[in-house]
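2 protein chains.
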Amino acid sequence: MRNIDIDSLEIFKAVVDCGGVTRAAVRLNRVQSNITTRVKNLEERLQVSLFHRESGKLVLTAEGQKLLTYAERLLRLSAEAEAALMSRLPSGALRIGTLESTAAARLPPLLSSYHERYPEVRIELVTGDTTSMIERVRNFDVQAAFVSEPFRADDLETCLAFSEELALIAPKNVVSITEARKLAQRTVIAFATGCSYRRILENWLSASRIMPGRVLELASYHAITACVAAGSGIGIMPRSVLKAVNAGGQVQALPLSPEFSQTRTHLVWRVGYSSLALEALQEELRRFDSD
Amino acid sequence: MRNIDIDSLEIFKAVVDCGGVTRAAVRLNRVQSNITTRVKNLEERLQVSLFHRESGKLVLTAEGQKLLTYAERLLRLSAEAEAALMSRLPSGALRIGTLESTAAARLPPLLSSYHERYPEVRIELVTGDTTSMIERVRNFDVQAAFVSEPFRADDLETCLAFSEELALIAPKNVVSITEARKLAQRTVIAFATGCSYRRILENWLSASRIMPGRVLELASYHAITACVAAGSGIGIMPRSVLKAVNAGGQVQALPLSPEFSQTRTHLVWRVGYSSLALEALQEELRRFDSD
DNA sequence: GTCTATGTTTCTCAATTTGAGAACTTCCCA
DNA sequence: TGGGAAGTTCTCAAATTGAGAAACATAGAC
Chain A
1 MRNIDIDSLE
11 IFKAVVDCGG
21 VTRAAVRLNR
31 VQSNITTRVK
41 NLEERLQVSL
51 FHRESGKLVL
61 TAEGQKLLTY
71 AERLLRLSAE
81 AEAALMSRLP
91 SGALRIGTLE
101 STAAARLPPL
111 LSSYHERYPE
121 VRIELVTGDT
131 TSMIERVRNF
141 DVQAAFVSEP
151 FRADDLETCL
161 AFSEELALIA
171 PKNVVSITEA
181 RKLAQRTVIA
191 FATGCSYRRI
201 LENWLSASRI
211 MPGRVLELAS
221 YHAITACVAA
231 GSGIGIMPRS
241 VLKAVNAGGQ
251 VQALPLSPEF
261 SQTRTHLVWR
271 VGYSSLALEA
281 LQEELRRFDS
291 D
Chain B
1 MRNIDIDSLE
11 IFKAVVDCGG
21 VTRAAVRLNR
31 VQSNITTRVK
41 NLEERLQVSL
51 FHRESGKLVL
61 TAEGQKLLTY
71 AERLLRLSAE
81 AEAALMSRLP
91 SGALRIGTLE
101 STAAARLPPL
111 LSSYHERYPE
121 VRIELVTGDT
131 TSMIERVRNF
141 DVQAAFVSEP
151 FRADDLETCL
161 AFSEELALIA
171 PKNVVSITEA
181 RKLAQRTVIA
191 FATGCSYRRI
201 LENWLSASRI
211 MPGRVLELAS
221 YHAITACVAA
231 GSGIGIMPRS
241 VLKAVNAGGQ
251 VQALPLSPEF
261 SQTRTHLVWR
271 VGYSSLALEA
281 LQEELRRFDS
291 D
């Protein structure tokens, strides 16, 4: 026993509270001798006397008083720790990865409702693309992540979170897909390489036999809309994001054929890795789904 | 072990910090097997898994993360408790009894200097008369008390704190002791019966063969001066208090013969009952004495 | 005074917990 | 395919803990 042990403190406190070894023993379901001994050991351990022993009475010393306040704090804290860990209610930190798009368009209402239900959970968001998120899940850097099809994650568990409809984003003055194709030959504006949407955009381009002149990599949907609005090129994004970033007035959305436009966002996590907070998040997703 | 024990938490934290059982063992001067076992026991105890065990690596689970923050707080707190108790520096609460007069005239500079030197000590003052203070010391209600001669306290340790010169307090218009004696036949204004100064005053009255008409018992020196100033009777108080309550303009002090006027204030405490904070107070008294 | 009720402390012994060391297992990497 | 690094399991000895009996102390009651 290198550190003070909490049991000793509990015994000590019981003696103080009950004003005696015997009653403390009753309260703690221990034997008197045990109480006496533990208190003496504690005194020896700390090299102070905690009680004045006079005429069969135990009265706290100044040192004892000092220890008592610590003992109470430690007991409270340890009880709290134990309760937090053993309780079947979510608490602690929930660190999840997410795509920019999901964070922008989908998470606000979800997380707000989640927070209301489980205020004990502190949520941390990490944004990034699908590929890097899957890596982070594997590395235990995040407990789960929202990622978008297509992705490979045979070793992870997944559940469907949201269905998205992707649209081409083009400057206002572009009126047809044909015209958009032409623009794409000049510049494509997209997230970094790991982004699923960008991969879809590239698939569409290649199906249309277009080789983009250059790719402008940006890090936020606001930046992308701004560049597209400025006529720099075309981009791709879910309609839900387009709505969320309020970009309808600046750019226009051109429909893609369903084979390209339909994509789904999943929540993924390590097999067997589940925490109460995470389970609650899945539950919350189902709740939103059924609405 | 009914409560979580801090050693287990220390081991747990070391494993997290060092990222492995082996290094944790080195850090704590324990054997690896011990670390492994304690962590497993802890997990069993709390009925959660704290680490993901995969390919010889230990990675914190969400529950583990939750425990970690508690573990850190508990370790800090217990270390602080131990340090506070074992340190040779005064800290905690120092509860001392004092006479009104001492509190008014002597303690302010003493305690202010004490506080500056030992900011960790929280001082609590209880005021009352000599008799009740001695009782409180005996009952461990206060750790020590300032009391005034004469008092009986064979079972207590004492040290001289202050020397006081008592003076009769009379209304401004009373010019001689004789006149004061006359006034005393009407009314004597004093603290409650336990007060040493009152006893001295009574001794003086009885030596002067005066039987006071009535005794007006008040609880503060300000009240006493006010009554005396109003001509209600005479009182007694140390000159130091007279100065401290700034009563010079309202009443006048008449000298008593030395056998009555000289009295001393002592600090008393239970034999063998000494705390660092109390020792420091005695030290502080000596320091003031030699100034 | 002596007795009794109520406490605390001491002592001994058995049960439990802890720690060391060696053997065993895994996985990674050259 | 054979080390090396890391974690786990096993066994045994040592330390700690808890129960119970007995000794010891004190304050009232008679």
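Protein sequences appear in the order of chains A and B. Each step along the first sequence adds one to the number in the numbering used here, with nothing skipped, and position 51 is 51. Each step along the second sequence adds one to the number in the numbering used here, with nothing skipped, and position 119 is 119. For each residue, glycine too, the CB sits at the ideal point set by N, CA and C.
- Within 10 angstroms of the beta-carbon of A:T22 lie fewer than 16 other beta-carbons, which makes it exposed.
- Sequence-distant Cβ neighbours of B:L201 in its own chain, meaning closer than 7 Å and more than five residues away, are V188, A190 and I236.
- Straight across, the Cα-Cα distance linking A:G64 with A:S49 is about 7 Å.
- In this structure B:P238 is not in contact with B:E157, their Cβ atoms being roughly 24 Å apart against a cut-off of 8 Å.
- Think of a sphere of 7 Å around the beta carbon of A:I177: no beta carbon from chain B falls inside it, the nearest being about 47 Å out.
- Here A:L74 has I6 and L9 as same chain residues with Cβ atoms under 7 Å from its own Cβ, once five neighbours each way along the sequence are excluded.
- B:R53 is not a Cβ neighbour of B:A93, given a cutoff of 7 Å.
- Under the three-state reduction of DSSP, B:F191 is assigned to coil, being neither helix nor strand.
- Collapsing the DSSP output to three states places A:I210 in coil.
- Neighbourhood of B:V48 in chain A, by CB distance below 7 Å: L85, in chain order.
- Membership of A:P171 in the beta strand (DSSP E) is indicated by the continuous run L156 to P171.
- Here A:R88 has L276 as same chain residues with Cβ atoms under 8 Å from its own Cβ, once five neighbours each way along the sequence are excluded.
- Nearest in C-alpha terms to A:V142, of all of A:G128, A:F151 and A:E149, is A:G128.
- Residues of the stretch 58-73 of chain A with a C-beta atom less than 9 Å from some C-beta of chain B are V59, L60, T61, A62, E63, Q65, K66, L67, T69, Y70, A71 and R73, listed in chain order.
- Within the stretch 122-136 of chain A, no residue places its CB atom closer than 8 Å to a CB of chain B.
- Here the alpha carbons of A:A207 and A:R152 stand approximately 22 Å from one another.
- Residue range I6 to C18 is occupied by the alpha helix (DSSP H) that includes B:F12.
- B:Y118 has its alpha-carbon roughly 7 Å from the corresponding atom of B:P90.
- Of all residues in the stretch 2-13 of chain B, only R2, N3, I4, D5, I6, D7, L9 and E10 come within less than 9 Å of chain A when Cβ atoms are compared, listed by chain position.
- Closest option to B:R181, judged by alpha-carbon separation, among B:L242, B:D291, B:C195 and B:L256: B:L256.
- Rounded to the nearest angstrom, the gap between the Cα atoms of A:Y221 and A:G233 is 14 Å.
- In the structure shown, the three-state DSSP call for B:L256 is coil.
- Boundaries for A:G97: no alpha helix (DSSP H) harbours it, while the beta strand (DSSP E) harbouring it runs G92 to T98, taken from the DSSP string.
- Taking a contact to require three or more Cβ pairs closer than 8 Å, the stretch 97-116 of chain A and the stretch 27-36 of chain A do not qualify as touching.
- Nearest Cα to A:R264 within the set A:K172, A:L60, A:L42 and A:E149: A:E149.
- Nearest to B:D289 by C-alpha distance, out of B:H266, B:A25 and B:I4, is B:H266.
- A:F140 reaches chain B at H52, V59 and L60, counting residues in chain order whose Cβ is nearer than 8 Å.
- By the 16-neighbour rule on beta-carbons within 10 angstroms, A:P108 is exposed.
- The beta-carbon separation of A:L278 and A:A144, rounded to 6 Å, stays under the 8 Å limit for a contact.
- Annotated three-state conformation of B:G249 is coil, per DSSP.
- Around the beta carbon of A:M133, 16 or more other beta carbons lie within 10 angstroms, which makes this residue buried.
- Secondary-structure assignment with DSSP links A:W269 through a beta bridge to A:E157.
- In this structure, B:R38 lies near B:I11, with their beta-carbon atoms less than 7 Å apart.
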